[in-house]
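Just so you know, we're using my numbering here: the sequence shown kicks off at 18 and counts up by one. Step one of this worksheet: look at the structure below.
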Amino acid sequence: MSEVLEEALKKALKREVEKPTVGTYYPSLLPSCLLRQYWIYLEGYAISLEKSGVFKIGELFHGFMTNALKSCDLVVEDVEKPVVLAVRHDDSWIRISGRVDAVLNVNGERLILEVKSIAKLPDEPLKHHLMQVQPYLLALNVRRGLIVYFEKRNLSWRIFEVPFDPKLMDALVERAKTLHEHLLSKTPPKPSRSWECKYCELREKCRSVEPKEVGE
18 MSEVLEEALK
28 KALKREVEKP
38 TVGTYYPSLL
48 PSCLLRQYWI
58 YLEGYAISLE
68 KSGVFKIGEL
78 FHGFMTNALK
88 SCDLVVEDVE
98 KPVVLAVRHD
108 DSWIRISGRV
118 DAVLNVNGER
128 LILEVKSIAK
138 LPDEPLKHHL
148 MQVQPYLLAL
158 NVRRGLIVYF
168 EKRNLSWRIF
178 EVPFDPKLMD
188 ALVERAKTLH
198 EHLLSKTPPK
208 PSRSWECKYC
218 ELREKCRSVE
228 PKEVGE
């Protein structure tokens with residue numbers, strides 16, 4: 018019986034191989050290591066059960082937040098709202114595409130809401146999350162957003178207000194353009210060499226790239 022239950026749990030967490038389309042880039046990925054994204058776009062990857070479990074925990078927090086919003090007087094205009102920005106790059110266009118967790122209307126003001134589950138509540142919003150929010154604010158013509166962090170251990174939370182920041186938006190667009198150029202030329206970008214490496218499922222792939230093969 019335990020084997021049947023174990024198989025059911027694995028099946029619930031299993032995800033198909035993901036291979037995004039070159040030319041469409043995602044706010045949730047762009048702030049992270051460009052080399053990791055490069056391999057994902059070229060070869061696709063299957064998410065491990067462990068990482069899939071982390072995503073599932075995040076989905077549970079999203080569900081909790083959605084139910085909390087419904088129980089109060091906040092007006093929820095939309096959830097999981099698709100957002101697309103077209104950016105001119107040389108003689109072509111690239112797309113920045115994502116989904117906003119929720120769009121709220123508070124006393125006549127529209128706000129976007131992003132929910133993040135995290136091991137330890139931060140003292141300030143994390144930079145990659147700040148960058149992720151910028152295209153959502155721009156695309157929806159919203160002045161500010163809210164990032165809600167939930168600590169996984171005990172469901173404590175911390176809320177940060179996030180204004181639109183043109184510099185962060187420009188930085189995100191530049192990363193999209195850089196990634197696009199490397200994908201078209203089939204030249205791997207430099208890895209981030211940061212804390213991301215510790216948790217990256219593609220770190221062995223990264224190590225296989227000789228320094229002379231890695232682009233600027």
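Cβ atoms here follow ideal geometry from the backbone N, Cα and C, with glycine treated the same way. Just so we're clear, the structure is a prediction, and the values are computed from it rather than from any experiment.
For W56, the three-state secondary structure derived from DSSP is helix. Boundaries of the beta strand (DSSP E) harbouring S109: 109-123, taken from the DSSP string. A Cβ-Cβ distance of about 17 Å is found for the pair Y62 and H199, leaving them out of contact under the 8 Å criterion. If you draw a straight line from the Cα of L47 to the Cα of M186, it is about 11 Å long. V132 and V101 have their C-alpha atoms some 19 Å from each other.
No Cβ-Cβ contact shorter than 8 Å links V120 with K87.
CA-CA distance, D108 to F181, rounds to 28 Å.
Under the three-pair Cβ rule at 8 Å, the region 110-120 counts as touching the region 152-160. Ranking D140, K137, R161, G125 by CA distance to the CA of M148 puts R161 first.
Excluding the 5 residues flanking it on each side, Y43 has same chain C-beta neighbours closer than 8 Å at P37, I113, S114, G115, in chain order.
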